[in-house]
Amino acid sequence: MSHHCHDEAHAHGHGHDDHDHDHDESPDSGLVHESLYQRIDHDNVTCLNEAVPGSGRSVLKPWHEKMDDTKFVESDADEQLIFRIPFTGLVKLKSITLRNDSGETAPRKMKAFVNKDDLDFDNAESTVPTQEWDLVEDTHGQVAEYSTRVAKFSSIRSLTLFFSENFGGETTKISFIGLKGEFSELKRDPIITVYELQANPADHKVPGINDALLPEFE
Numbered sequence: 002m003s004h005h006c007h008d009e010a011h012a013h014g015h016g017h018d019d020h021d022h023d024h025d026e027s028p029d030s031g032l033v034h035e036s037l038y039q040r041i042d043h044d045n046v047t048c049l050n051e052a053v054p055g056s057g058r059s060v061l062k063p064w065h066e067k068m069d070d071t072k073f074v075e076s077d078a079d080e081q082l083i084f085r086i087p088f089t090g091l092v093k094l095k096s097i098t099l100r101n102d103s104g105e106t107a108p109r110k111m112k113a114f115v116n117k118d119d120l121d122f123d124n125a126e127s128t129v130p131t132q133e134w135d136l137v138e139d140t141h142g143q144v145a146e147y148s149t150r151v152a153k154f155s156s157i158r159s160l161t162l163f164f165s166e167n168f169g170g171e172t173t174k175i176s177f178i179g180l181k182g183e184f185s186e187l188k189r190d191p192i193i194t195v196y197e198l199q200a201n202p203a204d205h206k207v208p209g210i211n212d213a214l215l216p217e218f219e
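Be aware that the sequence shown starts at 2, since it is given in the working numbering, and climbs by one per residue.
What follows is the structure, encoded as structure tokens:
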């Protein structure tokens, strides 16, 4: 994938450590650090540069399967992976948990983007992430949890994760991605239907009401 570029500086997102105390905001509603597994729109999760189609989706497992090594994703053409993860409602993301083999195939950098469903390898490098993490190489086979700056990850519809480099391996392997936070249903504006049978809508114009809200009559 020759369009991948590794020459750009990876300094995006650093220097903002003074914002790391977002956790002392207003009291939460009892849903602190809930697993968001059931809130992911799994059918529409996509993973770019996965060696086996569908394998990226498989690592978004329920929490109790986090140690299962039978499902994993490995990158294909090089070490980079992009996950696009849509949700079924609005999410406040508090942490991202990863599990992978220790060593060269472990991801080294993770960049997260909020509500950017169109990111690919052509534009991910040049887009400033919502947050960026330097990842742990040796997790001793356990999971590693990375906290988000919660104020930047509130009311999000989708999350894009970009693993831009690893610790020197030709490919990157990840066996578990877990998301924790809070979930709320989408609030939809009520739809008001106007029924004016046997009447001409043109005769009943109301100031400020768009004609498009009224039914069409032949």
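Heads up, the beta-carbon is just placed ideally off N, CA and C, and yes, glycines get one too.
Does the distance from the C-beta atom of residue i to that of residue j stay below 8 Å?
| i | j | result |
| --- | --- | --- |
| Gly-182 | Leu-94 | yes |
| Phe-168 | Leu-82 | no |
| Asn-116 | Ala-107 | no |
| Ser-76 | Ala-52 | yes |
| Arg-150 | Gln-132 | yes |
| Cys-48 | Phe-88 | no |
Take residue i as the anchor and find which of the options has the nearest alpha-carbon.
| i | options | result |
| --- | --- | --- |
| Ser-59 | Asn-50, His-65 and Thr-71 | Thr-71 |
| Pro-63 | His-141, Val-53 and Ser-36 | Ser-36 |
| Ala-145 | Glu-51, Thr-173, Arg-40 and Lys-67 | Lys-67 |
| Leu-160 | Thr-140, Glu-138 and Leu-91 | Leu-91 |
| Ser-56 | Phe-88, Tyr-147 and Phe-177 | Phe-177 |
| Glu-171 | Ala-78, Asn-50 and Ser-148 | Ala-78 |
| Gln-143 | Leu-120, Ser-103, Lys-153 and Ala-152 | Ser-103 |
Which of helix, strand or coil does DSSP assign to residue i?
| i | result |
| --- | --- |
| Arg-150 | coil |
| Asn-45 | helix |
| Ser-127 | coil |
| Ser-56 | helix |
| Gln-132 | strand |
| Asp-25 | Low per-residue confidence applies at Asp-25: pLDDT is 31, beneath 50, and the placement is therefore not dependable enough to give any value. |
Could you tell me how far apart the beta carbons of residue i and residue j are, in whole angstroms, since I believe they sit closer than 8 Å?
| i | j | result |
| --- | --- | --- |
| Ile-86 | Ile-41 | 6 Å |
| Leu-136 | Lys-110 | 7 Å |
| Glu-80 | Glu-186 | No, Glu-80 and Glu-186 are not in contact; Cβ-Cβ is about 38 Å, not under 8 Å. |
_Residue ranges of each beta strand (DSSP E) within the region 66-118, 3 or longer_ = 82-100 and 110-115
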